[in-house]
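K.L.:
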Amino acid sequence: MTFKTMSTREVGRSLNRVDGPLKVTGQARYTAEFPVIDTVHGYLVGSTIARGRIKRIDTKAAEQAPGVLAVLTHKNAPRMKKSKAFNPGEQSPSAAGTELRILNIKDIHWFGQPVALVVAETQDQAQEAANLIRVEYTDVKAPVLSMEEEKPNAKKPPDVSGEKPKEKQGDAEAAVAAAPYQVDQLYTTPAMNANAIEPHTTLAYWNDDEHLTVYDSTQFIHGIKRLMAEKFSLKPDNVRVLSPFVGGGFGSKGNAWPHVWLTAAAAKVVGRPVKIELPRKDLFYMVGGRSMTEQRVAIGADTDGKLTSIIHTGYTACSDSNMYPEELTLPVRMLYDMPAFWIEQWYTELNMVPNTFMRAPGFSVGSFALESALDELAYQLRMDPVALRFANEPAKDPTKHITFTNRNLKAAYELGAEKFGWDQRDPRPGRRREGEWLIGQGVATATYHVLQRPAKAKVLLFPDGSAVVQSGTHEMGMGTATVQAQHAADQLGLRTEKVRFEYGDTFLPETPVTGGSATTITVAAAVTLACEDVKKQLLKLAQKDKNSPLRGAAYDEVAARKNGLWLLANPLQGETYAAILARHPGVVMEGEGDSKPQLKELRNHKIVSTGSYGAQFCEVRVHADSGEVQVTRWVGVFDCGTILNPKTARSQFLGGITMGIGMALWEETHWDLHTGRIPNASLSEYHVPVAAGLPPIEVHYLDIPDPATPLGAHGIGEIGVTGTPAAIANAIYHATGKRIRSLPITPDKLL
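If you want our numbering, it's the 1-based position in the sequence shown plus 899.
1) Let me check one thing: in DSSP terms, what residues is Met1091 bridge-paired to?
2) Over the uninterrupted alpha helix (DSSP H) stretch that includes Ser1263, give me the two end residues.
3) According to DSSP, which residues form a beta bridge with Val1457?
4) Does the beta-carbon distance from Gly1622 to Ala1345 come in below 7 Å?
5) Going by DSSP, what residues sit across from Lys1355 in a beta bridge?
6) Counting pairs of Cβ atoms below 8 Å between the region 975–988 and the region 1134–1152, do you hit three or more?
7) Considering just the uninterrupted stretch of the beta strand (DSSP E) at Arg1532, what are its terminal residues?
8) Can Ala961 and Ala1025 be called in contact, C-beta distance under 7 Å?
9) Just to confirm before moving on: does the CB-CB distance between Val1075 and Val1113 stay below 7 Å?
10) Going straight from the alpha carbon of Glu1333 to that of Lys1180, what length do you get?
11) Checking the sheet assignment: what are the DSSP bridge partners for Val1231?
12) In the DSSP assignment, find the unbroken alpha helix (DSSP H) run with Lys954 in it and report its ends.
13) Should Val1696 and Asn1137 be called a contact, given that it needs their Cβ atoms to be closer than 7 Å?
14) Count the other CB atoms, across all protein chains shown, that sit within 10 Å of the CB of Gln1551; report buried if there are 16 or more and exposed otherwise.
15) Which of helix, strand or coil does DSSP assign to Ile1639?
16) In terms of residues, what are the limits of the alpha helix (DSSP H) holding Ala1310?
17) Looking only at C-alpha atoms, which of Val1349, Arg950, Gly988 and Ile956 sits nearest to Gly1011?
18) Thinking just about the alpha-carbon of each residue, which of Ala1041, Cys1517 and Ala1634 is nearest to the one in Thr1574?
19) Does DSSP put Leu971 in a helix, a strand or coil?
20) Could you compute how far the alpha carbon of Ile1556 sits from the alpha carbon of Met1257?
21) Run through DSSP, which three-state label would Gly1341 get?
22) Apply the 10 Å Cβ neighbour rule to Thr924 and answer buried if 16 or more other Cβ atoms are within range, or exposed otherwise.
23) Helix, strand or coil for Glu909? Go by DSSP, reduced to three states.
24) Can you tell which of Ala1607, Met1233, Ala1216 and Val1231 has its C-alpha closest to the C-alpha of Glu1225?
25) From Glu1049 to Pro1172, what does the alpha carbon distance come to, in whole angstroms?
26) Rounded to a whole number of angstroms, what is the C-alpha to C-alpha distance between Ile1631 and Glu1617?
27) Just reading off the alpha helix (DSSP H) that Arg1549 is part of, what are its end residues?
28) Short of 7 Å in beta carbon distance, which residues of its chain neighbour Leu1133, apart from the five on each side in sequence? Order them along the chain.
29) Closer than 6 Å by C-beta to Thr901: which residues in its own chain qualify, once you throw out the five before and the five after it? Chain order, please.
30) I'd like the list of long-range same chain contacts for Asp1493, defined as Cβ closer than 6 Å, with 5 residues on each side in sequence excluded.
31) With distances taken from CA atoms, which of Ala1452, Gln1068, Val1426 and Gly1614 is nearest Asp1602?
32) Helix, strand or coil: which one does DSSP assign to Val1285?
33) Using a Cβ-Cβ cutoff of less than 8 Å, which residues in the same chain neighbour Ser1508 once the five nearest sequence positions on both sides are dropped?
34) Taking Pro1411 and Ser1370 to be in contact with their CB atoms under 8 Å, please state how far apart those CB atoms are, rounded to whole angstroms.
35) Could you name the residues that DSSP lists as bridge partners for Pro1013?
36) Can you tell me whether Asn1291 is buried or exposed? The criterion is at least 16 other CB atoms within 10 Å of its CB, across all chains shown.
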């Protein structure tokens, strides 16, 4: 029987983040800031080759340097077990970013792979000593670093985020060839790095030989708990991982990179807490990022603009010590009606740092190719790009042919076109100019899948009527603590101010990795069950009490509101939680929730298809002589179910669009294809967006609940990235008449 709740409408309020005051006053402690007594510092030495073996390491000078406590290499590091690389599709995955037993092996798989670790009293002493280590290599071979050259050896991934790597319907090639209008082009995107404000940091200490405590800047404390238990043969419950605040992750902190377990190994050797703070350059060499892609998109259309066929195939690269193929073919599976299609992707193995998911994996790069190709088709047809999308809006999921739970993409486009003034646009390229600047406007569709995973939560209700909600998830700036407090307040009939949300500790109920825009509805489902559990227990207490106005009331006859439980038939009859508990001194009500991903079951049984959508409109200025690009105006409209907190939601949309602008114009990790060295491994050379380079960004959302998801909501952290690079590329074409199919769109490509 369902326990009904009368909402107090805390969800939907535009509240400040509950962790905001701690952050702006400097009281929020990140991993590097925890004052653990007697902490010493570690510094990693990376290999200077990308393929070969260690012949000899000379550590004598480093060992004799001031303040040095230990130097660990493959010769003397504690033996650590192999861990399977992180696979989000597994029920209880480890967090390992690579399967390699780093510092237990001689083999070198990428330039910058850790080959030694210095532990010293201070970080400066550790770094100085690390510079004294000399490494000789043998069996040095030319590294495999070119995806293009490796394409003949490409492999097919076992799955693409749960989807088949190959999907076909009809004869897509023949349908494209027979179409009166055709686009058939290659689009490329480079490797990229996340570069969060907070560098990756780990602090670890051993309470005794069997108990380990780890502070880590991670998106996946429970995965690290399992990883550490595996590496050091510990009982999982003897490992505690804490990550109360995370200064950005964008996916790169969803994995545990070698420094995480090496910190624990060093702490075991020196018998003191050890902290490793990766310098900015090592975030390129020792932390994975987004992999490069090459994509073919071929589209056929009839004279009315109706698509007859889409081909979207492509290659991405992985390391040879993990396998995470960028899911570049995901957007095409969701967006347009296509009678015939061929969707397929492959991956190559290169000698590079193991890659990983980065904000909107697959969808960010896949939407660039697909939405650019659709824009090219619109110009061939002499058809408005928005009208072309309307003409191909599917009635059902394009590949599964099942019903959408909540798809309002057309409404998003209509609102976006109105807010942007799209009807004022001259459709002809290169027609608008202001002095030396060419002006163009572009549009593209944003999309991202909706994910829900299993999770657990606990709710404690105290005699004063306040509540604490606990779940071992993370707060990385997206508003988790705020929204979950709002949600629990609604469930319990409280104000948000009376609810505290605790997170970031493996002593709390288990949750999956914080990623994939899945955290909000994943945790909310568990919180709902935990709140239901508490309310049922409270009602049982009242039912047994002859003095309670709720005596004899059934579950479905009451609602939670006004700090207590009240009869639905008589809203004035009921009592507060404080009143109920006052008759039971010392009792703290505790409820638990263990949610299963109902949405996944609906998909697996091919009942419904769920996704998030949006329309991205932008205006750019391109300097006619220098090729400089400025994005001057942006309107994004998003269809992402219920908006739980407009203020934090807007922040997420703005952040995603900003990251997409950086992806379009600046971000690229360069590789020296001869050595594997990264020549731009710094923020002075790897360019990211800054406030001065951003336009006014106008964000709107439809706020239409999805009946198939918890709270009617979707995740929103990643969809803002998608469609953004394509909208910019399309606007640049409109300004200049030059079609750029390779990111980033730098001035040299426009000259």
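Ideal Cβ placement from N, Cα and C applies to all residues, glycine included.
P.N.:
Inspection of the coordinates gives the following:
1) To locate residue 1091, count along the sequence shown from 1; it is residue 192. Beta-bridge pairing links Met1091 to Arg1189.
2) Counting from one through the sequence shown, the residue named residue 1263 turns up at place 364. Per DSSP, Ser1263 belongs to the alpha helix (DSSP H) from Phe1262 to Leu1280.
3) Against the sequence shown, residue 1457 aligns to sequence position 558. Paired residue(s): Leu1466.
4) Counting from 1 along the sequence shown, the entry for residue 1622 is found at position 723. Counting from 1 along the sequence shown, the entry for residue 1345 is found at position 446. Yes, these two residues count as a Cβ contact at 7 Å.
5) What you label residue 1355 is simply residue 456 of the sequence shown in a count that begins at 1. Per DSSP, Asp1493.
6) no
7) Walking along the sequence shown from the start, residue 1532 turns up at place 633. Its beta strand (DSSP E) spans residues Val1528 to Asp1538.
8) Taking the first residue of the sequence shown as position 1, residue 961 is located at position 62. Taking the first residue of the sequence shown as position 1, residue 1025 is located at position 126. No; because the gap between Cβ atoms is not below 7 Å, this pair is not in contact.
9) Within the sequence shown, numbered from 1, the residue matching residue 1075 stands at position 176. Within the sequence shown, numbered from 1, the residue matching residue 1113 stands at position 214. Going by C-beta atoms, Val1075 is not nearer than 7 Å to Val1113.
10) Counting from one through the sequence shown, the residue named residue 1333 turns up at place 434. Counting from one through the sequence shown, the residue named residue 1180 turns up at place 281. Glu1333 and Lys1180: Cα-Cα distance of roughly 41 Å.
11) Reading the sequence shown from its first residue, position 332 is the one you call residue 1231. Answer by DSSP bridge pairing: none, since Val1231 is not bridged.
12) Taking the first residue of the sequence shown as 1, we reach residue 954 at position 55. Membership of Lys954 in any alpha helix (DSSP H) is not indicated; the residue belongs instead to the beta strand (DSSP E) covering Gly951 to Asp957.
13) Outside the displayed range of the chain (900 to 1650) lies residue 1696, so it cannot be described from this structure.
14) What you label residue 1551 is simply residue 652 of the sequence shown in a count that begins at 1. Gln1551 counts as buried, since at least 16 other C-beta atoms from the protein chains shown sit within 10 angstroms of its C-beta.
15) Sequence index remark: in the sequence shown, residue 1639 carries index 740 (1-based). Residue state, collapsed to three classes: coil.
16) One-based indexing of the sequence shown puts residue 1310 at position 411. Boundaries of the alpha helix (DSSP H) around Ala1310: Leu1308 to Phe1319.
17) Within the sequence shown, numbered from 1, the residue matching residue 1011 stands at position 112. Per the C-alpha coordinates, the member of Val1349, Arg950, Gly988 and Ile956 positioned closest to Gly1011 is Arg950.
18) Taking the first residue of the sequence shown as 1, we reach residue 1574 at position 675. Checked all of Ala1041, Cys1517 and Ala1634; the closest Cα to Thr1574 is Ala1041.
19) The count along the sequence shown starts at 1 and reaches residue 971 at position 72. Three-state result, Leu971: strand.
20) For the purposes of this step, residue 1556 is identified with residue 657 of the sequence shown, where counting begins at 1. For the purposes of this step, residue 1257 is identified with residue 358 of the sequence shown, where counting begins at 1. Using only the alpha carbons, I get a separation of about 14 Å.
21) Within the sequence shown, numbered from 1, the residue matching residue 1341 stands at position 442. If DSSP states are grouped into helix, strand and coil, Gly1341 belongs with the strands.
22) Within the sequence shown, the letter at position 25 stands for residue 924. Looking at its Cβ environment, which holds fewer than 16 other Cβ atoms inside 10 Å, Thr924 is exposed.
23) Stepping through the sequence shown from its first residue, residue 909 is reached at position 10. It is coil, neither helix nor strand.
24) The count along the sequence shown starts at 1 and reaches residue 1225 at position 326. That would be Ala1216, whose Cα lies nearest to the Cα of Glu1225.
25) Translated into positions along the sequence shown, residue 1049 becomes position 150. Translated into positions along the sequence shown, residue 1172 becomes position 273. Glu1049 and Pro1172 have their C-alpha atoms spaced approximately 44 Å apart.
26) The count along the sequence shown starts at 1 and reaches residue 1631 at position 732. The count along the sequence shown starts at 1 and reaches residue 1617 at position 718. In a straight line, the C-alpha of Ile1631 is about 24 Å away from that of Glu1617.
27) As a working mapping, residue 1549 is identified with position 650 in the sequence shown. From DSSP, the alpha helix (DSSP H) with Arg1549 extends over Pro1545 to Leu1564.
28) Working through the sequence shown from its first residue, we reach residue 1133 at position 234. The beta carbon of Leu1133 sits closer than 7 Å to the beta carbons of Glu1109, Leu1111 and Met1127 from its chain, once the five residues preceding and following it are set aside; these are given in chain order.
29) Residue numbering aside, residue 901 sits at position 2 when the sequence shown is read from its first letter. Since pLDDT at Thr901 reaches only 33, below the 50 mark, its modelled position is unreliable, and no value is offered.
30) Working through the sequence shown from its first residue, we reach residue 1493 at position 594. Hits under 6 Å: Lys1355.
31) For this step, residue 1602 is matched to residue 703 along the sequence shown. Nearest of Ala1452, Gln1068, Val1426 and Gly1614 to Asp1602, Cα basis: Gly1614.
32) Taking the sequence shown and counting its residues from 1, the one referred to as residue 1285 is at position 386. Val1285: helix per DSSP, three-state reduction.
33) Residue 1508 sits at position 609 when you count from the first residue of the sequence shown. Here the set comprises Met1233, Lys1295, Asp1296, Lys1299, Ile1301, Thr1302, Phe1303, Thr1304 and Arg1502.
34) Stepping through the sequence shown from its first residue, residue 1411 is reached at position 512. Stepping through the sequence shown from its first residue, residue 1370 is reached at position 471. That belief does not hold up - the Cβ atoms of Pro1411 and Ser1370 are roughly 11 Å apart, past 8 Å.
35) Reading the sequence shown from its first residue, position 114 is the one you call residue 1013. Pro1013 pairs with Gly945.
36) Working through the sequence shown from its first residue, we reach residue 1291 at position 392. Classification of Asn1291: buried, given that the 10 Å Cβ count is 16 or more.
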